[in-house]
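Numbering-wise, the sequence shown is residues 586 to 722 according to our numbering.
Cβ atoms here follow ideal geometry from the backbone N, Cα and C, with glycine treated the same way.
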Amino acid sequence: MQIKPIKTEKEYETALKEIERLFHAEPGTSDADRLEVIGALVEAYEDKHYPIPLPDPIEAIYYFMEARGLNRADLEQYIGSRARVSEILNRKRPLTLSMIQRLHEGLGIPAEVLVQPYELEVSHSKPSHRQRMPVAA
Numbered sequence: 586m587q588i589k590p591i592k593t594e595k596e597y598e599t600a601l602k603e604i605e606r607l608f609h610a611e612p613g614t615s616d617a618d619r620l621e622v623i624g625a626l627v628e629a630y631e632d633k634h635y636p637i638p639l640p641d642p643i644e645a646i647y648y649f650m651e652a653r654g655l656n657r658a659d660l661e662q663y664i665g666s667r668a669r670v671s672e673i674l675n676r677k678r679p680l681t682l683s684m685i686q687r688l689h690e691g692l693g694i695p696a697e698v699l700v701q702p703y704e705l706e707v708s709h710s711k712p713s714h715r716q717r718m719p720v721a722a
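Structure (structure tokens):
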């Protein structure tokens with residue numbers, strides 16, 4: 586296989602077969618170098634043609650809470666009062682810029698995840714049916 590940018594699905598499949606063939610190459614060999622270059626080309630192709638969407642901001646907060654063994658009270662230093670934490674996690678109120686900054690700096694949640702638009706629950710106090718509405722960051 587000639588090393589060149591991957592532009593088609595057929596070239597992508599060929600590159601994957603070449604990676605499989607070279608997978609156990611000894612470090613420092615020309616095969617290992619070739620594997621590294623082809624791997625980078627495959628990654629670039631996959632990023633363009635098979636992008637992985639960023640997670641929902643609130644789901645990301647829940648994930649980080651679970652991964653670190655945190656509870657809602659632990660989020661108060663990043664979000665505010667217990668009531669505010671509840672409103673955020675229950676999608677009653679959007680994250681503010683200062684909350685996003687504190688969550689990013691304090692918990693390491695990627696800012697690009699937190700600033701994404703996400704849906705809020707519409708208040709039940711209105712006579713309309715329960716619905717979701719998008720929130721712009």
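Where residue i falls, given that 16 or more other Cβ within 10 Å makes a residue buried
i, result
"leucine 723", "Absent from the model: residue 723. The displayed extent of the chain is 586 to 722, so no value can be given."
"proline 612", "exposed"
"alanine 658", "exposed"
"glutamine 668", "One point to set straight first is that residue 668 is alanine, not glutamine, in the sequence displayed. Exposed."
"proline 642", "buried"
"isoleucine 588", "exposed"
"tyrosine 635", "exposed"
"leucine 660", "buried"
"alanine 645", "buried"
"isoleucine 694", "buried"
"isoleucine 637", "exposed"
"serine 682", "The residue you asked about is not serine; residue 682 is leucine in the sequence shown. Classification of leucine 682: exposed, given that the 10 Å Cβ count is below 16."
Cβ neighbours of residue i in the same chain (closer than 6 Å, five flanking residues each side left out)
i, result
"arginine 653", "none"
"lysine 602", "none"
"arginine 723", "A query on residue 723 cannot be resolved here, the shown segment of the chain reaching from 586 to 722 and no further."
Cβ shell of residue i (< 7 Å), same chain only, five flanking positions each side left out
i, result
"aspartate 616", "Leu607, Ala610"
"alanine 696", "Ile685, His689"
"tyrosine 703", "Asp641, Pro642, Ile643, Val720"
"arginine 687", "Tyr663"
Own chain partners of residue i with C-beta closer than 8 Å, once the 5 adjacent residues on each side are dropped
i, result
"glycine 691", "Gln662, Tyr663"
"isoleucine 591", "Tyr597, Ala600, Leu626, Val627, Ala629, Tyr630"
"tyrosine 648", "Pro640"
Practice task
Would you mind listing the alpha helix (DSSP H) stretches within the region 669 to 705 that are 4+ residues and don't spill past its ends, in chain order?
Solution key: 682 to 692, 696 to 699
Practice task
With a floor of 4 residues, list each alpha helix (DSSP H) that falls wholly inside the region 603 to 664, ordered by position along the chain.
Solution key: 615 to 634, 642 to 653, 661 to 664
Exercise for the section: Spell out a yes or no on whether the region 588 to 606 and the region 620 to 632 are touching, meaning 3 or more CB-CB pairs, one atom from each, closer than 8 Å. Expected result: yes
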